[in-house]
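If you read the sequences in order, they're chains A and B. Just so we're aligned: the first sequence equals residues 1 to 101 in this note's numbering. Just so we're aligned: the second sequence equals residues 1 to 287 in this note's numbering. Heads up, the beta-carbon is just placed ideally off N, CA and C, and yes, glycines get one too. Reading through the structure tokens given below for one structure.
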Amino acid sequence: MPKYKLSILTPDGEIYENEVESLVAPGANGSFGVLANHANMIAATVPGVFKVNEPDTAYFAVGTGVLEVLDDGAVNFLADRAEKAADSEAAKEKARTYATY
Amino acid sequence: MASIKEYNVKINSLKNTRKITKTMKMVSASKLRRAQEAQRNAHRYAVRLNELIARLSASVHSGAHPLLKSADPGKSAHIVVFSSDRGLCGGFNNGIIKYVTRWIQENKENYDSIDLSFCGRRGFAYLGKRFETRKHYEGVTPKPQFSVAGDIGMELCDLFTSGEYGEVYLAYNAFKSALSQEPTVRKILPIEPEEVEGGVPMSSDYIFEPEEKELLARLLPRSVFFKVYYTLLENSAGEHGARMTAMDNATKNASDLIDSNTLIRNRVRQAAITTELTEIVAGAEAL
Chain A
1 MPKYKLSILT PDGEIYENEV ESLVAPGANG SFGVLANHAN MIAATVPGVF KVNEPDTAYF
61 AVGTGVLEVL DDGAVNFLAD RAEKAADSEA AKEKARTYAT Y
Chain B
1 MASIKEYNVK INSLKNTRKI TKTMKMVSAS KLRRAQEAQR NAHRYAVRLN ELIARLSASV
61 HSGAHPLLKS ADPGKSAHIV VFSSDRGLCG GFNNGIIKYV TRWIQENKEN YDSIDLSFCG
121 RRGFAYLGKR FETRKHYEGV TPKPQFSVAG DIGMELCDLF TSGEYGEVYL AYNAFKSALS
181 QEPTVRKILP IEPEEVEGGV PMSSDYIFEP EEKELLARLL PRSVFFKVYY TLLENSAGEH
241 GARMTAMDNA TKNASDLIDS NTLIRNRVRQ AAITTELTEI VAGAEAL
């Protein structure tokens with residue numbers, strides 16, 4: 001599968017940067033996925049589980065944030081906070097403690 | 001003149017003091033390095049966030065956000081004063097306390113009232129008794145965290161949007177370098193239009209989710225949270241920088257004192273030996 005560049009940036013620094021195949025983000029209006037060559041987009045996200053396939057699957061617990069798909073297909077994700085978690089359950093548990101404003 | 005023993009005690013205690021100040025200096029140096037690292041990381045986030053806000057606000061034409069609306073003149077103001085929790089950092093806290101006191105004196109005719117909130121115990125201990133105080137955020141300065149800054153920022157936004165305060169300021173020591181910090185009072189609310197203008201409007205084939213206006217409404221408070229967070233970082237970097245300088249001076253002073261005391265002690269010892277010798281010689285002559 002084609003890949004694109006994803007970087008997850010928080011005020012504490014860059015949490016993740018890699019070439020990935022797809023991601024699933026907890027959007028403000030329901031979760032959505034991004035594959036390579038996605039159209040330009042800016043989307044707000046709420047605290048929840050952020051899933052990345054590179055093709056190994058990685059899970060992150062993320063706070064409120066905003067995701068942008070740039071012209072060159074790269075994705076920037078700005079989040080209040082983000083933490084890597086072992087699996088989707090752990091990420092869900094962690095994200096529950098994050099503030100929702 | 002004090003005895004040799006007394007000088008030895010004094011010199012030993014000075015040496016202990018020097019050990020402590022030297023250690024504190026080294027600890028502060030490493031903490032400063034960490035704080036500056038955090039500042040660098042935060043800066044990258046800020047650049048992206050501001051750029052995004054500028055572009056979004058350029059494409060949104062209708063209706064200003066509540067955080068952008070300038071208040072009626074003469075309304076009350078709120079200042080959040082940042083200081084450190086601990087002392088022994090030279091003029092760091094004194095500087096900001098004096099500056100805020102003067103600022104309030106100079107600006108009090110412009111507002112109905114000026115209330116203060118505090119991050120950091122030192123500022124609260126002094127200014128809290130002298131001015132109207134709203135809240136003291138305890139334990140937030142030693143380890144700046146974005147989640148904490150978010151909570152503080154949210155409260156400030158609420159106070160502003162509810163109309164309780166017309167303007168919100170942050171008072172803190174701007175970090176110039178490890179050697180110098182400059183007391184500053186900076187307005188964070190309302191957000192100045194210049195801060196969000198100047199972006200290139202986005203092309204119409206962008207997908208927005210939710211729509212642009214609501215996106216902007218989600219991002220603008222973040223820029224306030226971020227300013228609070230960055231101020232916490234600057235405050236912490238400044239504190240460690242100031243403590244490093246203060247402790248370096250203290251170490252130098254202790255060394256000087258040790259040198260001069262050692263000199264006097266040796267002189268006293270020499271005097272004692274001379275006296276003893278004279279006594280022996282005098283005793284031998286008498287025989």
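- Contact residues of the region 161–177 of chain B toward chain A are absent (C-beta to C-beta distance below 8 Å).
- Against chain B, the beta carbon of residue 39 of chain A has neighbours under 9 Å at 205, 206 and 207, listed in chain order.
- Residue environment analysis places residue 181 of chain B among the buried positions, since at least 16 neighbouring C-beta atoms fall within 10 angstroms of its C-beta.
- By the Cβ rule, the region 200–214 of chain B does not count as touching the region 260–271 of chain B, because fewer than three pairs are nearer than 8 Å.
- A direct Cα-to-Cα measurement between residue 176 of chain B and residue 118 of chain B gives close to 22 Å.
- Inclusion of residue 63 of chain A and residue 87 of chain A in the CB contact set at 8 Å is not warranted, their separation being larger than that value.
- Contact note: residue 151 of chain B reaches chain A through 99, using a C-beta cutoff of 8 Å and chain order.
- Put simply, the backbone Cα of residue 220 of chain B is about 11 Å away from that of residue 189 of chain B.
- When the beta-carbon positions are compared, residue 2 of chain A and residue 37 of chain A come within less than 8 Å of each other.
- Secondary structure at residue 244 of chain B: helix, using DSSP grouped into helix, strand and coil.
- For the region 76–99 of chain A, the beta-carbon criterion of a distance under 8 Å to any beta-carbon of chain B is satisfied by 76, 78, 80, 81, 98 and 99.
- Per DSSP, the beta bridge partners of residue 62 of chain A are A/48 and A/82.
- The Cβ neighbour count for residue 47 of chain B, taken over all protein chains shown within 10 Å, is under 16; the residue is labelled exposed.
- Around the CB of residue 281 of chain B, fewer than 16 other CB atoms lie within 10 Å, so the residue is classed as exposed.
- A distance below 6 Å between beta-carbons, with the five flanking residues on each side excluded, links residue 110 of chain B to no residue of its chain.
- Within 7 Å of the CB of residue 43 of chain A, the CB atoms of chain B belong to 209, in sequence order along the chain.
- A straight-line Cα-Cα distance of about 39 Å links residue 98 of chain B and residue 9 of chain B.
- Take the alpha-carbon of residue 227 of chain B and the one of residue 24 of chain B: they are about 29 Å apart.
- With fewer than 16 other Cβ atoms inside 10 Å of its own Cβ, residue 26 of chain B counts as exposed.
- Cβ atoms of residue 70 of chain A and residue 52 of chain A stay farther apart than 8 Å, at about 17 Å.
- In summary, residue 286 of chain B is exposed, with fewer than 16 beta-carbon neighbours lying within 10 Å of its beta-carbon over all protein chains present.
- For residue 193 of chain B, the enclosing alpha helix (DSSP H) covers residues 193–196.
- Only 9, 10, 11, 12, 13 and 14 from the region 7–19 of chain A bring a Cβ to less than 9 Å from some Cβ of chain B.
- Contact between the region 115–130 of chain B and the region 42–60 of chain B is absent: fewer than 3 CB-CB pairs across the two stretches fall below 8 Å.
- A distance below 8 Å between beta-carbons, with the five flanking residues on each side excluded, links residue 174 of chain B to the following residues of its chain, in chain order: 181, 182, 183, 184, 234 and 238.
- For residue 18 of chain A, the enclosing beta strand (DSSP E) stretches over residues 13–20.
- Comparing alpha carbon positions, the residue from B/253, B/131, B/166 and B/246 closest to residue 93 of chain B is B/246.
- In this structure, A/6 is the residue among A/6, A/27 and A/25 with its C-alpha nearest to the C-alpha of residue 19 of chain A.
- Distances from the alpha-carbon of residue 67 of chain A to those of A/59, A/26 and A/89 put A/26 closest.
- Pairing residue 131 of chain B with residue 152 of chain B gives a Cβ-Cβ distance that is not under 8 Å.
- If you look at residue 123 of chain B, you'll find it in the alpha helix (DSSP H) that goes 121–130.
- Within its own chain, the residues whose Cβ lies closer than 8 Å to the Cβ of residue 94 of chain A, once the five positions on either side in sequence are excluded, are 61, 83 and 85, listed in chain order.
- Residues of chain A whose Cβ lies closer than 8 Å to the Cβ of residue 41 of chain B are, in chain order, 11, 12, 13 and 14.
- With respect to the 8 Å criterion, residue 149 of chain B and residue 45 of chain B are not classified as neighbours on the basis of their beta carbons.
- Apart from sequence neighbours up to five positions away, the residues of its chain that approach residue 18 of chain B with a beta-carbon distance below 6 Å are 251 and 254, ordered along the chain.
- Proximity of residue 59 of chain B to chain A, defined by a Cβ-Cβ separation below 8 Å, is not satisfied.
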